[in-house]
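Enquirer: All the letters of the sequence shown, read from the start, carry residue numbers 7 to 1012 under our numbering.
Quick one: the structure is below, questions incoming.
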Amino acid sequence: MLKNEFNNNASSIKEAINNDRLVVFAGAGVSKDSGIPLWNELQEGIRERLNEETSEVDPLKIAQLLYNEKGEKEYNDILKKLLFEKQDSPNQLHEILFELNPQHIITTNYDHHFESIINDHGLPFSIVSKDEDLPYASQKKLLIKYHGDFENHNIVLKENDYLEFSKNHTLKEVFVKSLFSNKVILFVGYSVSDPNLKLLIREIQYLLKKHHQRAYMLTSKEEVNATEIRYFESLGINIVIADKDLVKSQEKKNSKLSEIGLKAYKTLLHIRDFKVYDYRSADAGIKPNNSKIIDELYNSLARFHYIRVLPQKNLAGLYPIYKNAKQEPGYLVLDTSLKVFNEDLYQLISEYKGKDDDNFSDDEKEKLNYSLSRIAMSGIHTIGHAGNIDSMGSYPIKDEMDFHKKINYSSCDCIDCTLNDYDYSTALNKIFKYNIDDKTSLWDDLIYFYGLYRTKDFYNCFLALRNIIVKANRLKKMEVSFLAKYNLKQLKWLIRNDFLNDRINWKDIQDIEKQIDKIDLDEELDKAKYFVDEDLYSFLKEVRDGVYIQRLCNEIDEIFVKVPKTVESIEKGGSHSSNVFGNLYNSVSLLKEFLEGNFLLGNGFSPIQYTLNKSINSFVLGYYLKNFAGIKKHSFLGFGLAHITEFDTFLFKLIVENSNHKELVQILAKNKIKNIQIGKKSSGQITSKINNFLKSSYKIPKYFGKEPVEDRTLTSTIVQNRSLREHMIEKINGILIVMSYFDLNEHALKTIYSNLNHYINFVGIGDENYSYLTRFYKRKFEFIDETELVKTLDLFDGQSIINDAYMSILDALRKKNKNFTRDIPIDNYDLNKHSPGFSTIFKILPPEKKKDFKKILKTKLVEEMDGQMFYISISNKVLATQEIKTHYKKLISKKLELNMGDSDVDDSFVLFRIKQFFDLVNKGLIDTKGIDVKSISEERFRFLLNPERFSQQNFRTDWLKYFNWDSYCERYAKLEYIILALERSLESEFDEKLSRVYFKMKKWIK
Ligand SMILES: [Zn+2]
């Protein structure tokens, strides 16, 4: 954009628009293209209607003559006819004046075109035609009909009207004049000879002079001469003459506007879209040197210092990135590539070689590094330049470069980075020591508050945000103040947790909620507007409206819906070349980074959390599709298959922080996913994060011994803060899922496991059965040394815990070493509760303990008469004496006497017990002596008792659907009538379950 007087004026007017200080005066020229006559045309019309010719030239006096001659009624009728006889609908000039978002529009016209736009579009304007309207206006924005209208019988047109104006329109006059002292006025549609304008200027001359440079008049060059321009300028009115090139550059597009109208329209359009920041930064046509470009880039991005992650569209629209662009910013980011039209900028970045580049000064390198890392943080991976326009009318992106290599990421030990590394104990220590005061930087304050939020200390988070607001206001960092208020609003839903945790009392909670409710974000945004530039403002508005976050959530949801179809089509052998998972990855990381990078709170229950969780399920399916990647028929002409080959640190974090563990484990199991591959670079990062997390539980004492001791920083904090405790439980279980299903190498798993032992010891895992830990043993026990597993058992014993995890360790130890024995505190053990059951315990006990165990078991069996316990006891030969068997038979006899409805083979509890019993019978581990066949009413139970002698006509093949364990099949395979019945049944009607039984039986048929 060329620097010249016209653009200077446009820039000042646009600035007034941005600051909500523009007032528009609309004259006859605005309505002309809607068929309303201009002043001189109206004057001619009146002159023609006069009975006598007059030499009078003053238009007001001519109107007065008509009135004197015709009287009020006829005068009004003639005027209405003259004004409205050719009236048409509102035109584009009326519309664009609203688009300038003025505070008020003041019109000296008598028509209703502005009103009809307000009514048709429901714009927030109150209409003021007479004084009485002013105090009753319900909207802040006003349309003032300065010269009244016919409906209110108060039009101001003839000489007397003007003489009596102050008397009849006192309030309006005072109000409008007051605007000249504190607003920026833009006159549109007035010619220099317009009597209205002349009168108005006469009235306000002293005001204009006092506050000069605040009024602008739009005009076309043809109608003003240099003397007139100087005259208006002496009054304090800047004449804005439309730029010749601008008017020429845009062609006329089926507009009903006249040539002059179109000129005015294009000028207003130019003002509406004017970029003040870009213009102020731009140089007048001189080719900028590197140092200048770096400054421009740095200064532009540094405006967003407290906002690290921008929506990509906003980033692409920033000067000088957007300089010379021929497309809207929304089209400049393709996936993760940024397309720049600013060739100087592109050349500079491609020449820059990073921190060791001697062609740049240290200051320049520092600024470039800052700028490039900010661009990278907004999710841009490569930068390319725009090629020539192609036949499709778009500009292809060329020569994309990976600028990330040029960024020097220095390590940082701030609270935020420490928490990102999962080092909780260090982070908590830093948080405890921190205090917001005059010496701390606003940046560190923000990191501190976000650390409190991430460690679930909501009350202190509230206090910190309040301090940040005070400090930001004082420093005039209104963007920080606004975002802090936005976060306070979000915090309202979280802070009640602190009451539930007994951390603050009810009265304090109510006070806090009242304080939060008082914040009106719309009002705050309005206030911020006067302190931030338009780019920052549009970002804040984006946050306020939540449009960007919503858009990302929608994108993720859409892909989530698409994924099952992709999976199905690939499973069936179809090919799929879309980048569905790549797109999902981008959207999810943009969403997560946008919130975390900008210190934004997501409240506890939110659709964002839900969306992130869903995305994890899609990623798992994407990984599942990897199975199909190698098969030739799935690739087509070199297009890639839609799938995920490996997980990385980001997906690891997503799983640990945002997954619903239950659902995740289900979907992993359903798709038989075992060892998820991890990218080379991520493997080390993931291992170190997990180890940091686990190490938060302990420290190695400096002076006494080397045995780890509890680190009270974390452990005492979670005693006081239940929300943090739950958070840690969620995370450790997420980590356990990763340990169970990810392909971490043996060495990594071993170091992690020894840290895990300390974590279990000092912090614990949460749920009673340690179900995710149990899962880990079942899947990965072979990687863990016997001694480490035994250490875990020692820990459990020390805490008198015997749960599923404990049992899984025993199982794992037996599998590793079948001679493994251990003295287990059997008094703590609930015989009936844990899988894989007490037989495992029994096997592991040293011989002298086995006797005690049998004694306990016998008492229990006789007391509780529990079928499951009998079954385990006899089948595993823990306790199988005649006495025990007799008790068991007595129990089963009673169950066999029940009539359960012979027709339905259901999977009831009772039936299952019977099934277990006959499993032992079939295996020869127990006999049926003593069970009285006459007391059994159901045929199928009689069959179970003695299949060899069963009456063949009464046999029903359906029974085999349920009695189908190996021991059953082996026994029945020897009975010809069963085989025949089964074959006949399958021939007449195929049944999948029965066919499986049949094939199983075939193993034993000779
Ligand atoms: Zn940091």
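Quick reminder that beta carbons are idealized off the backbone N, C-alpha and C, glycines included.
#1: Per DSSP, L469 forms a beta bridge with which residues?
#2: What three-state label does DSSP hand N82 in the structure shown?
#3: What distance in whole Å lies between the Cβ atoms of F653 and F748, which are believed to be in contact at a cut-off of 8 Å?
#4: Going by alpha carbons, who is nearest to D810 out of E349, D833, L851 and G843?
#5: Please tell me whether, using a cut-off of 7 Å, the distance from the CB of D422 to the nearest non-hydrogen atom of ligand 1 is below it.
#6: Look up H1049 in the DSSP assignment and say whether it is helix, strand or coil.
#7: Are Y812 and L795 closer than 8 Å when you measure CB to CB?
#8: Can you tell me the Cα-Cα spacing of Q521 and D39, whole angstroms?
#9: Is the segment 300-310 touching the segment 367-383, taking contact as three or more C-beta pairs under 8 Å?
#10: Under the criterion of a Cβ to heavy atom distance below 7 Å, does C467 qualify as lining ligand 1?
#11: Would you say the beta carbon of C559 is closer than 7 Å to some non-hydrogen atom of ligand 1?
#12: With distance defined between alpha-carbon atoms, name the residue in L321, R309, N296 and F600 nearest to S367.
#13: Compare the C-alpha of I395 against each of F699, I453 and K332 and name the closest.
#14: Where are the beta strand (DSSP E) runs, 3 residues long or more, that stay fully inside the segment 379-439, in chain order?
#15: Is G646 helix, strand or coil when you go by DSSP?
#16: Can you tell which of K861, E736 and D817 has its C-alpha closest to the C-alpha of H784?
#17: Let me make sure I understand the geometry here. Which of S17, L819 and D833 has the alpha-carbon closest to that of T827?
#18: Using the Cβ count rule (16 or more neighbours within 10 Å means buried), how would you classify K189?
#19: May I ask you to report which of helix, strand or coil DSSP gives T225?
#20: Using 8 Å for Cβ pairs, my map puts I52 next to I68. What's the rounded Cβ distance?
#21: Whose CA, out of E752, T892, L448 and Y196, lies closest to the CA of A470?
#22: Determine the extent of the alpha helix (DSSP H) in which M927 is found, giving its start and end residues.
#23: Under the assumption that S197 contacts E229 (Cβ atoms under 8 Å), give the Cβ distance between them as a whole number of angstroms.
#24: Spatial neighbours of V1003 within its chain, please: CB distance less than 6 Å, with the 5 preceding and 5 following residues excluded, ordered by chain position.
#25: Using the rule of at least 16 other Cβ atoms within 10 Å of the residue's Cβ for burial, across every protein chain shown, is C559 buried or exposed?
#26: Hey, D717 and S729: beta-carbon distance below 8 Å or not?
#27: Quick check on E334: does DSSP put it in helix, strand or coil?
#28: With 16 as the cutoff for other CB atoms within 10 Å, does G644 come out buried or exposed?
#29: Along the alpha helix (DSSP H) that carries K20, what are the first and last residues, could you check?
#30: Taking K86 as the reference, which of I42, L99 and I327 has the closest Cα?
#31: Any idea if L169 is buried or exposed, counting beta-carbon neighbours within 10 angstroms, 16 or more meaning buried?
#32: What number of angstroms, rounded off, separates the C-alpha of K668 from the C-alpha of I355?
#33: As an exercise, report each continuous alpha helix (DSSP H) stretch of at least 4 residues that is fully enclosed by the segment 466-517, in chain order.
#34: Could you tell me the distance, in whole angstroms, from the CA atom of L506 to the CA atom of S814?
#35: V315 and M223: beta carbons closer than 8 Å?
Expert: To lay it out plainly:
#1: Looking up residue 469 in the sequence shown gives position 463. Partner(s): none; L469 has no beta bridge.
#2: As a position in the sequence shown, residue 82 is number 76, starting the count at 1. In this structure, DSSP gives N82 a helical state, which the three-state scheme calls helix.
#3: Here the question's residue 748 lines up with position 742 in the sequence shown. Here the question's residue 653 lines up with position 647 in the sequence shown. About 7 Å separates the CB atoms of F748 and F653; that is less than 8 Å, so the two are in contact.
#4: Residue numbering aside, residue 810 sits at position 804 when the sequence shown is read from its first letter. Proximity to D810 across E349, D833, L851 and G843 peaks at G843, based on C-alpha coordinates.
#5: For the purposes of this step, residue 422 is taken as residue 416 along the sequence shown, with counting starting at 1. Correct: D422 has its Cβ closer than 7 Å to ligand 1.
#6: Outside the shown range of the chain (7 to 1012) lies residue 1049, about which nothing can therefore be said.
#7: By one-based count along the sequence shown, residue 812 stands at place 806. By one-based count along the sequence shown, residue 795 stands at place 789. No, Cβ-Cβ distance for Y812 and L795 is not below 8 Å.
#8: Taking the sequence shown and counting its residues from 1, the one referred to as residue 521 is at position 515. Taking the sequence shown and counting its residues from 1, the one referred to as residue 39 is at position 33. Separation of Q521 and D39 (C-alpha to C-alpha, rounded to the nearest whole angstrom) is 53 Å.
#9: Counting C-beta pairs closer than 8 Å gives three or more between the segment 300-310 and the segment 367-383, which meets the contact rule.
#10: In the sequence shown, residue 467 corresponds to position 461, counting from 1. C467: no, Cβ never under 7 Å from ligand 1.
#11: As a first step, residue 559 is located in the sequence shown; it is residue number 553 there, counting from the start. Because no heavy atom of ligand 1 lies under 7 Å away, the Cβ of C559 does not count as near it: no.
#12: The residue given as residue 367 occupies position 361 in the sequence shown. Of the candidates L321, R309, N296 and F600, the one whose C-alpha sits nearest the C-alpha of S367 is N296.
#13: Residue mapping note: residue 395 aligns to position 389 of the sequence shown, counting from 1. For I395, the closest of F699, I453 and K332 by C-alpha to C-alpha distance is K332.
#14: Runs of beta strand (DSSP E) with 3 or more residues, each lying fully within the segment 379-439, are found at 388-392 and 403-407, listed in chain order.
#15: Translated into the one-based positions of the sequence shown, residue 646 becomes position 640. For G646, the pLDDT reaches just 46, beneath the cut-off of 50, and the residue's location in the model is therefore unreliable, although a value from the coordinates is still provided. Reduced to three states, the DSSP call for G646 is coil.
#16: Along the sequence shown, read from residue 1 onward, the residue named residue 784 stands at position 778. Strictly speaking, residue 784 in this sequence is Lys, with His absent from that position. Across the set K861, E736 and D817, the C-alpha of D817 shows the shortest separation from the C-alpha of K784.
#17: Position 821 of the sequence shown, counted from the first residue, corresponds to residue 827. Cα-wise, what sits closest to T827 is L819.
#18: Taking the first residue of the sequence shown as position 1, residue 189 is located at position 183. Per the 10 Å Cβ criterion, buried.
#19: Residue numbering aside, residue 225 sits at position 219 when the sequence shown is read from its first letter. Judged by DSSP in its simplified three-state form, T225 adopts strand.
#20: As a first step, residue 52 must be located in the sequence shown, where it is residue number 46. As a first step, residue 68 must be located in the sequence shown, where it is residue number 62. The Cβ separation is near 6 Å, so the contact holds.
#21: One-based indexing of the sequence shown puts residue 470 at position 464. The residue with the shortest Cα to Cα distance from A470 is L448.
#22: Within the sequence shown, numbered from 1, the residue matching residue 927 stands at position 921. Here residue 927 is Val; the residue named in the question, Met, does not match the sequence. Counting along the chain, the alpha helix (DSSP H) containing V927 begins and ends at F915 to N928.
#23: Within the sequence shown, residue 197 is the residue found at index 191, counting from 1. Within the sequence shown, residue 229 is the residue found at index 223, counting from 1. Right, their Cβ atoms sit about 6 Å apart.
#24: Counting from one through the sequence shown, the residue named residue 1003 turns up at place 997. Close CB contacts of V1003 within its chain, under the 6 Å cut and outside five residues either way in sequence, are with L966 and N970 (chain order).
#25: Position 553 of the sequence shown holds residue 559. Residue environment for C559: buried (at least 16 other C-beta atoms within 10 angstroms of its C-beta).
#26: Stepping through the sequence shown from its first residue, residue 717 is reached at position 711. Stepping through the sequence shown from its first residue, residue 729 is reached at position 723. In terms of Cβ geometry, D717 and S729 do not form a close pair [threshold 8 Å].
#27: In the sequence shown, the residue the question calls residue 334 occupies position 328. For E334, the secondary structure class from DSSP, reduced to helix, strand or coil, is coil.
#28: Looking up residue 644 in the sequence shown gives position 638. For G644, the pLDDT reaches just 34, beneath the cut-off of 50, and the residue's location in the model is therefore unreliable, although a value from the coordinates is still provided. Exposed, since its Cβ has fewer than 16 Cβ neighbours within 10 Å.
#29: Here residue 20 refers to the residue found at position 14 when the sequence shown is read from its first residue. Run containing K20: E11 to N24, per the alpha helix (DSSP H) assignment.
#30: For the purposes of this step, residue 86 is taken as the residue at position 80 of the sequence shown. Nearest of I42, L99 and I327 to K86, Cα basis: I42.
#31: What you label residue 169 is simply residue 163 of the sequence shown in a count that begins at 1. Exposed.
#32: Within the sequence shown, numbered from 1, the residue matching residue 668 stands at position 662. Within the sequence shown, numbered from 1, the residue matching residue 355 stands at position 349. Linking K668 to I355 through their CA atoms gives a straight-line distance of about 47 Å.
#33: Whole alpha helix (DSSP H) segments, 4+ residues: 484-506.
#34: Sequence index remark: in the sequence shown, residue 506 carries index 500 (1-based). Sequence index remark: in the sequence shown, residue 814 carries index 808 (1-based). Answer to the nearest angstrom: the Cα atoms are 36 Å apart.
#35: Translated into positions along the sequence shown, residue 315 becomes position 309. Translated into positions along the sequence shown, residue 223 becomes position 217. Not closer than 8 Å, so no.
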